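Right, one structure below, let's go through it.
2 protein chains.
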Amino acid sequence: MSEYPWIQELLQMGGKEEQFSEKQLKILEAAVEMFAEKGYAATSTSEIAKKAGVAEGTIFRHYKTKKDLLLAIVTPTLFKSVAPFLAKEFVREVFDNEYETYEQFLRAVLANRYAFVKKYLPAIRVLWQEVAFHSEIKQCLQGVFTEHVYPKFARIVRHFQEKGELAELPVDSVIRLTITSLAGFLAARFLLLLDHNWDDEAEMERTIRVLMNGLRR
Amino acid sequence: MSEYPWIQELLQMGGKEEQFSEKQLKILEAAVEMFAEKGYAATSTSEIAKKAGVAEGTIFRHYKTKKDLLLAIVTPTLFKSVAPFLAKEFVREVFDNEYETYEQFLRAVLANRYAFVKKYLPAIRVLWQEVAFHSEIKQCLQGVFTEHVYPKFARIVRHFQEKGELAELPVDSVIRLTITSLAGFLAARFLLLLDHNWDDEAEMERTIRVLMNGLRR
DNA sequence: ACTTTTTGTGAGTGATTACTCACTATTTTG
DNA sequence: CAAAATAGTGAGTAATCACTCACAAAAAGT
Numbered sequence: 045m046s047e048y049p050w051i052q053e054l055l056q057m058g059g060k061e062e063q064f065s066e067k068q069l070k071i072l073e074a075a076v077e078m079f080a081e082k083g084y085a086a087t088s089t090s091e092i093a094k095k096a097g098v099a100e101g102t103i104f105r106h107y108k109t110k111k112d113l114l115l116a117i118v119t120p121t122l123f124k125s126v127a128p129f130l131a132k133e134f135v136r137e138v139f140d141n142e143y144e145t146y147e148q149f150l151r152a153v154l155a156n157r158y159a160f161v162k163k164y165l166p167a168i169r170v171l172w173q174e175v176a177f178h179s180e181i182k183q184c185l186q187g188v189f190t191e192h193v194y195p196k197f198a199r200i201v202r203h204f205q206e207k208g209e210l211a212e213l214p215v216d217s218v219i220r221l222t223i224t225s226l227a228g229f230l231a232a233r234f235l236l237l238l239d240h241n242w243d244d245e246a247e248m249e250r251t252i253r254v255l256m257n258g259l260r261r
Numbered sequence: 045m046s047e048y049p050w051i052q053e054l055l056q057m058g059g060k061e062e063q064f065s066e067k068q069l070k071i072l073e074a075a076v077e078m079f080a081e082k083g084y085a086a087t088s089t090s091e092i093a094k095k096a097g098v099a100e101g102t103i104f105r106h107y108k109t110k111k112d113l114l115l116a117i118v119t120p121t122l123f124k125s126v127a128p129f130l131a132k133e134f135v136r137e138v139f140d141n142e143y144e145t146y147e148q149f150l151r152a153v154l155a156n157r158y159a160f161v162k163k164y165l166p167a168i169r170v171l172w173q174e175v176a177f178h179s180e181i182k183q184c185l186q187g188v189f190t191e192h193v194y195p196k197f198a199r200i201v202r203h204f205q206e207k208g209e210l211a212e213l214p215v216d217s218v219i220r221l222t223i224t225s226l227a228g229f230l231a232a233r234f235l236l237l238l239d240h241n242w243d244d245e246a247e248m249e250r251t252i253r254v255l256m257n258g259l260r261r
């Protein structure tokens with residue numbers, strides 16, 4: 045019933061070890077589920093309170109506005125979405141030892157983000173849906189991407205181009221094609237989810253193979 | 045100011061030649077713009093009326109409920125989204141003469157859908173955003189896909205596999221990889237729109253080349 | 001010209017909205 | 001243990017919501 049270990053994990057940002065009361069976690073849990081299902085604007089605070097088994101006033105004790113509640117959910121989700129690129133050792137891992145090829149690197153990233161999406165799917169749904177309507181979220185996402193993800197990604201691509209594994213396409217194009225391929229797989233698997241019989245392992249393998257065949261020189 | 049020729053075009057479904065009054069078109073125009081910008085649930089009928097320069101009652105004279113107004117916009121958009129696959133001559137065009145290779149076929153489809161998205165972007169945004177929350181829309185989309193798009197697409201893929209152009213991957217995987225590649229391009233171009241300097245022609249060319257390199261036997 | 005039908009209006013409706021506040025229950029602290 | 005701080009409550013509030021309806025203007029039909 046009350047499965048807020050994963051919510052607690054999601055909200056634990058970096059070094060901070062905030063303490064959440066029982067009721068507060070219930071509120072967050074209810075909010076994530078309802079936002080994911082009906083959307084932020086179509087979900088009322090009274091509904092959230094009822095589902096969380098809490099008085100409506102309790103919500104506003106912890107979050108000044110309804111939007112604050114949304115941001116409390118979305119902001120940590122956003123950062124964990126690009127988490128691998130935020131790690132300091134990340135670039136070193138790629139160059140030094142772990143991954144000798146872009147293909148190995150891709151495989152690791154995809155497996156990692158696959159597990160991430162699987163774990164935090166409801167929160168990711170909320171982020172994905174609401175980023176279109178709230179400029180604060182969009183700006184935050186763009187900021188994190190251009191500041192942390194893009195430069196590291198670009199360096200990695202250039203490295204494997206110089207090594208001769210990747211074709212001499214524009215770096216931006218390689219990044220775009222890589223991200224849309226991986227994101228396309230994850231979206232098909234977790235958002236559309238049309239498939240009954242879908243072999244995850246095999247489909248991931250095919251996705252990477254087709255992409256690599258395309259990008260190889 | 046009043047640019048409802050494209051709205052009128054969008055709503056003209058197949059053979060029907062419905063007549064829209066001036067005010068009705070103003071309502072539809074205002075609704076599309078506001079739904080795309082703020083989302084359906086966050087847009088009030090009074091706002092739409094004000095923007096359309098119309099009394100609020102006029103909206104409900106034409107559309108029984110707010111949701112009816114949404115569906116009046118979204119349903120035609122949905123059908124036009126998969127329009128090429130609905131055409132009767134479509135499969136014949138591919139087999140008989142026009143396209144000798146899967147690559148040519150891809151190029152034609154991408155160019156066609158690129159123009160479509162560019163023209164009807166606001167309506168597509170609305171469809172894309174609200175399909176997640178309204179089961180009627182989702183079911184309609186799934187129905188059209190499995191009934192019209194999928195079988196024709198599968199036949200085309202099989203044809204070019206037998207011809208030896210495409211690798212012997214599972215047909216479903218080829219379709220998925222094709223759609224996510226093309227949709228990924230369009231999403232990057234029109235939804236994320238991160239482009240400062242983005243050469244559409246070249247990027248389309250790269251997208252198709254990388255995909256074809258991946259799918260070729 | 002007269003009747004009928006369609007289109008447009010805007011004040012009014014009850015329900016619901018996000019949010020407040022005076023108050024109680026619980027926990028923390030000196 | 002007493003005091004102070006924190007967490008939780010639920011009735012209450014003004015604003016806004018989608019929608020109605022009695023009526024007026026315009027268009028169409030005869």
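First to last, the protein sequences are chains L and F.
According to our numbering, the stretch in the first sequence is residues 45 to 261, in order.
According to our numbering, the stretch in the second sequence is residues 45 to 261, in order.
Cβ atoms here follow ideal geometry from the backbone N, Cα and C, with glycine treated the same way.
In this text, all values refer to a predicted model and were calculated from it rather than measured experimentally.
(1) If you draw a straight line from the alpha carbon of GLY228/L to that of THR224/F, how long is it in whole angstroms?
(2) State the start and end residues of the unbroken alpha helix (DSSP H) segment that holds GLU142/L.
(3) Quick one, which residues of the region 238–255 of chain L are near chain F if we go by CB-CB under 9 Å, in chain order?
(4) Pull up the DSSP beta-bridge partners for LEU210/F, would you.
(5) Nearest chain F C-beta to ALA86/L closer than 8 Å, yes or no?
(6) Starting from GLU66/L, follow the alpha helix (DSSP H) in both directions and report where the run begins and ends.
(7) For my contact list, HIS106/F and ILE71/F are in at a C-beta cut-off of 8 Å; report their separation, rounded to the angstrom.
(8) Can ALA85/F be considered in contact with the ligand FMN, in the sense that its beta carbon sits closer than 7 Å to one or more heavy atoms?
(9) Just confirm the distance between the C-beta atoms of PHE79/F and VAL201/F, as a whole number of angstroms; I'd bet it's less than 8 Å.
(10) What does the alpha-carbon distance come out to for the pair GLU81/F and PHE177/L?
(11) Suppose you measure from the CA of TRP242/F to the CA of ALA159/F; what does that come to, to the nearest Å?
(12) Among ASP244/L, GLY208/L, VAL254/L and VAL218/L, whose alpha-carbon lies nearest the alpha-carbon of ALA246/F?
(13) Would you please verify whether the beta carbon of GLN205/L is less than 8 Å from any beta carbon of chain F?
(14) Take the Cβ of GLY83/F as the centre, count every other Cβ of all protein chains shown within 10 Å, and call the residue buried at 16 or more, exposed below.
(15) At the 8 Å Cβ level, is ALA152/L part of the contact set with chain F, yes or no?
(16) DSSP three-state call for GLY228/F: helix, strand or coil?
(17) With C-beta atoms as the reference, is THR121/F less than 8 Å away from ALA167/F?
(18) Looking only at its own chain, which residues have a Cβ that is under 8 Å from the Cβ of GLU73/F, when we skip the five neighbours before and after it?
(19) What is the C-beta distance between VAL153/F and PRO128/F, in whole angstroms, given that I count them as a contact (C-beta under 8 Å)?
(20) Decide yes or no for the touch test of the region 100–114 of chain F against the region 139–157 of chain F: beta carbon pairs closer than 8 Å, at least 3 of them.
(21) Along the chain, where does the alpha helix (DSSP H) containing ASP112/L start, and where does it finish?
(22) What first and last residue would you give for the alpha helix (DSSP H) that runs through GLN183/L?
(23) Just to confirm, is the Cβ distance from ILE252/F to GLU147/F under 8 Å?
(24) Please identify, using Cβ separations under 9 Å, the residues of the region 220–233 of chain L that lie next to chain F, in order along the chain.
(25) Mark MET57/F as exposed unless 16 or more other C-beta atoms lie within 10 angstroms of its C-beta, in which case mark it buried.
(26) In terms of residue numbering, what span does the alpha helix (DSSP H) encompassing PHE104/L cover?
(27) Run the CB neighbour count on ARG220/L, radius 10 Å, all protein chains shown included, and call it buried at 16 or more, exposed below.
(28) Which residues, in chain order, does the region 158–178 of chain F contribute to contact with chain L at a C-beta distance below 7 Å?
(29) With distances taken between CB atoms, is the gap from LEU226/F to ARG136/F smaller than 8 Å?
(30) Using the beta-carbon count (16 or more within 10 Å), is THR87/L buried or exposed?
(31) Judging by CA-CA distance, which residue of PRO195/F, PHE189/F and ALA232/F is the nearest neighbour of VAL215/F?
(32) Using 10 angstroms around the beta-carbon of GLU212/L, count the other beta-carbons present and answer buried if the total reaches 16, otherwise exposed.
(33) Return the first residue and the last residue of the alpha helix (DSSP H) that LEU235/L is part of.
(34) What did DSSP end up calling TRP242/F once you bin it into helix, strand or coil?
On the basis of the data shown:
(1) 5 Å
(2) Neither: GLU142/L is in no alpha helix (DSSP H) and is coded neither H nor E.
(3) So the list reads LEU238, ASP239, TRP242, ALA246, GLU247, ARG250, THR251, ARG253, VAL254 and LEU255, given in the order they occur along the chain.
(4) ARG260/F
(5) yes
(6) 66–82
(7) With 8 Å as the limit, HIS106/F and ILE71/F qualify as a contact, their Cβ atoms being about 7 Å apart.
(8) The ligand FMN is absent from the structure shown, which contains no ligands of any kind.
(9) PHE79/F to VAL201/F, Cβ: 35 Å. No contact.
(10) 7 Å
(11) 16 Å
(12) VAL218/L
(13) no
(14) buried
(15) No, its Cβ sits nowhere closer than 8 Å to a Cβ of chain F.
(16) helix
(17) yes
(18) SER46, GLU47, TYR48, ILE51 and ALA96
(19) 7 Å
(20) With the cut-off at 8 Å, the region 100–114 of chain F and the region 139–157 of chain F do not touch.
(21) 110–125 is the extent of the alpha helix (DSSP H) around ASP112/L.
(22) 179–188
(23) yes
(24) Against chain F - using a Cβ distance shorter than 9 Å - the residues of the region 220–233 of chain L are ARG220, LEU221, ILE223, THR224, SER225, ALA227, GLY228, PHE229, ALA231 and ALA232.
(25) exposed
(26) 100–106
(27) buried
(28) GLN173, ALA176 and PHE177
(29) no
(30) buried
(31) PRO195/F
(32) exposed
(33) Unbroken run through LEU235/L: none, as it is neither H nor E.
(34) For TRP242/F, the secondary structure class from DSSP, reduced to helix, strand or coil, is coil.
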